[in-house]
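Novice: Pasting in a structure now, in structure tokens, and then I'll have a few things to ask.
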Amino acid sequence: MNKAFFLLVVSIVLNNSITAQVKSNNYESETLKIEQVSSSVFIHISYLSTNDFGKVACNGMVYFDEEEAIVFDTPTDDTVSKELIHWIENQQKKKVKAVVVTHFHVDCLGGLQYFHEKGIPSHANNTTITLARQHNRKVVPEHGFENKMKITIGKFPVFTQFFGEGHTVDNVVGYVPNEKVLFGGCLIKSNTAGKGNLEDANTEDWSNTVEKIKKKIPDLKIVIPGHGKSGGTALLDYTIQMFSH
């Protein structure tokens, strides 16, 4: 067999195998969608009915290593949280070590009660906990931190950090260094998004906050926004431009 042809066949087989694996790890129901974006990172998508924007798709992130998982932002209600955790535990055979809430809005913690019922520790910026209580959220995160937190999942660290105000005064982002993935949450806009809900925003500082992320984490490959499609660092640039004055 011609060597070049043999290598082409091997390449096609490997590519099809990888594609099939990604598709088999994806999940979709009427209430929850899960998309694999890297070898160990998934976006979970649930839906929130709003007065101003209609039915909104809301993103969170799941990261696996070895037998452990971490979730950034809950689905929008407890029923969908149950569905997500069932997928993690029964289909992926992982144990959820922690859930991190990236700001105090309902699209980040609407399904927090079920995590607590499962005995899963919840974490958030101290300001997020304060604001969740002030806004009478039915459940608030259990464990607070100032500015930066590290949680080890399997053998790799996962960081959560406050870089400054933007979508809200408390918004934090999640970073998985070994995958070079940023979960920007609602601080970061997808490349087709408008400004969205500005009720609790600091539009003066928003661009500067995202600039800090670019400088601190220059080697990002995947950026996940709070709503809409994931992308690369172009999403950071798009967000910076949107809120530049």
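With mature numbering (1 follows the signal peptide of the UniProt record, and there is no 0) as the guide, the letters of the sequence shown map in order to residues -22 to -1, 1 to 223.
We put the beta carbon where it would ideally sit given N, CA and C, even for glycine.
Given the structure is predicted, the values throughout are model-derived calculations rather than measurements.
From the DSSP secondary-structure annotation, give me the bridge partner or partners of K73.
Specialist: Here residue 73 refers to the residue found at position 95 when the sequence shown is read from its first residue. Looking at the DSSP assignment, K73 forms a beta bridge with E46.
Novice: Quick one: what does DSSP say A179 is sitting in, helix, strand or coil?
Specialist: If you number the sequence shown from 1, residue 179 lands on position 201. Looking at A179 - three-state DSSP - the assignment turns out to be coil, as it is neither helix nor strand.
Novice: Can you tell me which of V58, E67 and S24 puts its alpha carbon nearest to the alpha carbon of E45?
Specialist: For the purposes of this step, residue 45 is taken as residue 67 along the sequence shown, with counting starting at 1. When only C-alpha atoms are compared, the closest one is E67.
Novice: Confirm, please, whether the CB-CB distance from T52 to G97 is below 9 Å.
Specialist: Stepping through the sequence shown from its first residue, residue 97 is reached at position 119. Stepping through the sequence shown from its first residue, residue 52 is reached at position 74. No.
Novice: Report yes if the CB atom of A47 is closer than 9 Å to the CB atom of K72, and no otherwise.
Specialist: For the purposes of this step, residue 47 is taken as residue 69 along the sequence shown, with counting starting at 1. For the purposes of this step, residue 72 is taken as residue 94 along the sequence shown, with counting starting at 1. Yes; because the gap between Cβ atoms is below 9 Å, this pair is in contact.
Novice: On the CB-based measure, 16 or more other CB atoms within 10 Å of its CB, does Q(-2) come out buried or exposed?
Specialist: Along the sequence shown, one-based indexing puts residue -2 at 21. Unreliable positioning characterises Q(-2) in this predicted model, as indicated by a pLDDT of 45, which lies under 50. A coordinate reading is not provided.
Novice: Near S17, which residues of its chain fall below 8 Å by C-beta distance, leaving aside the five closest residues on each side in sequence?
Specialist: Residue 17 sits at position 39 when you count from the first residue of the sequence shown. Excluding sequence neighbours, S17 sits near E157.
Novice: Can you tell which of L10, E143 and L198 has the C-alpha that lies nearest to the C-alpha of E182?
Specialist: Along the sequence shown, read from residue 1 onward, the residue named residue 182 stands at position 204. Selected option, being the one with the closest Cα: E143.
Novice: Going by the CB atoms, is the gap between V159 and I200 shorter than 9 Å?
Specialist: As a working note, residue 200 is residue 222 in the sequence shown. As a working note, residue 159 is residue 181 in the sequence shown. Yes.
Novice: DSSP on L165, reduced to helix/strand/coil?
Specialist: On the sequence shown, residue 165 is found 187 positions in, with the first residue counted as 1. Coil, per DSSP.
Novice: Could you name the residues of the same chain whose beta carbon sits closer than 8 Å to that of N104, not counting the 5 residues immediately before and after it, in chain order?
Specialist: Position 126 of the sequence shown, counted from the start, is the residue given in the question as residue 104. Excluding sequence neighbours, N104 sits near G122, F123 and E124.
Novice: Determine the closest residue to V188 out of P119, F141 and I107, with distance taken between C-alpha atoms.
Specialist: Numbered from 1 along the sequence shown, position 210 holds the residue referred to as residue 188. Answer by Cα proximity: F141.
Novice: What is the DSSP secondary structure of K190, reduced to helix, strand or coil?
Specialist: Counting from one through the sequence shown, the residue named residue 190 turns up at place 212. Three-state DSSP puts K190 in a helix.
Novice: Using the DSSP secondary-structure output, state which residues sit across from I129 in a beta bridge.
Specialist: In the sequence shown, the residue the question calls residue 129 occupies position 151. Answer is V136, bridged to I129.
Novice: Are the Cβ atoms of I131 and D43 separated by less than 9 Å?
Specialist: Counted from its first residue, the sequence shown places residue 131 at position 153. Counted from its first residue, the sequence shown places residue 43 at position 65. Going by C-beta atoms, I131 is nearer than 9 Å to D43.
Novice: Round the Cβ separation of H64 and C164 to the nearest angstrom and send it over; I've been treating them as touching at under 8 Å.
Specialist: Locating residue 64 in the sequence shown gives position 86, where the first residue counts as 1. Locating residue 164 in the sequence shown gives position 186, where the first residue counts as 1. Contact flag wrong, Cβ pair sits at about 26 Å.
Novice: From the DSSP output, which residues share a beta bridge with H121?
Specialist: Reading the sequence shown from its first residue, position 143 is the one you call residue 121. In the DSSP output, where bridge partners are listed per residue, H121 has H101.
Novice: Restricting to Cα atoms, I'd like to know which of I191, Q112 and M220 is closest to T211.
Specialist: Here residue 211 refers to the residue found at position 233 of the sequence shown. Among I191, Q112 and M220, the Cα nearest to that of T211 belongs to I191.
Novice: With DSSP as the reference, label N37 as helix, strand or coil.
Specialist: Numbered from 1 along the sequence shown, position 59 holds the residue referred to as residue 37. Residue state, collapsed to three classes: strand.
Novice: Run the CB neighbour count on E95, radius 10 Å, all protein chains shown included, and call it buried at 16 or more, exposed below.
Specialist: The residue given as residue 95 occupies position 117 in the sequence shown. By the neighbour-count rule (16 or more Cβ atoms within 10 Å), E95 is not buried but exposed.
Novice: Out of curiosity, what's the CA-to-CA distance linking W184 and K60?
Specialist: On the sequence shown, position 206 is the one that residue 184 refers to. On the sequence shown, position 82 is the one that residue 60 refers to. For W184 and K60, the distance between alpha carbons rounds to 34 Å.
Novice: Here's the rule: buried if 16 or more other CB atoms are within 10 angstroms of the residue's CB, otherwise exposed. What is P119?
Specialist: For the purposes of this step, residue 119 is identified with residue 141 of the sequence shown, where counting begins at 1. The residue in question, P119, is buried, as its Cβ has 16 or more Cβ neighbours within 10 Å.
Novice: Who are the near neighbours of C86 in its chain, counting only those whose CB is closer than 6 Å to its CB and skipping five residues on each side?
Specialist: Taking the first residue of the sequence shown as 1, we reach residue 86 at position 108. Excluding sequence neighbours, C86 sits near D51, V79 and T80.
Novice: Return the bridge partner residues of L160 from the DSSP annotation.
Specialist: The residue labelled residue 160 in the question sits at position 182 within the sequence shown. DSSP output for L160 lists Y153 and V201 as bridge partner(s).
Novice: Assuming V34 and H223 are in contact, meaning their beta carbons sit under 8 Å apart, how far apart are those beta carbons, in whole angstroms?
Specialist: Locating residue 34 in the sequence shown gives position 56, where the first residue counts as 1. Locating residue 223 in the sequence shown gives position 245, where the first residue counts as 1. That pair is no contact at about 27 Å.
Novice: DSSP beta-bridge partners for K11?
Specialist: Sequence index remark: in the sequence shown, residue 11 carries index 33 (1-based). Note: K11 sits in a beta bridge opposite E6 and I23.
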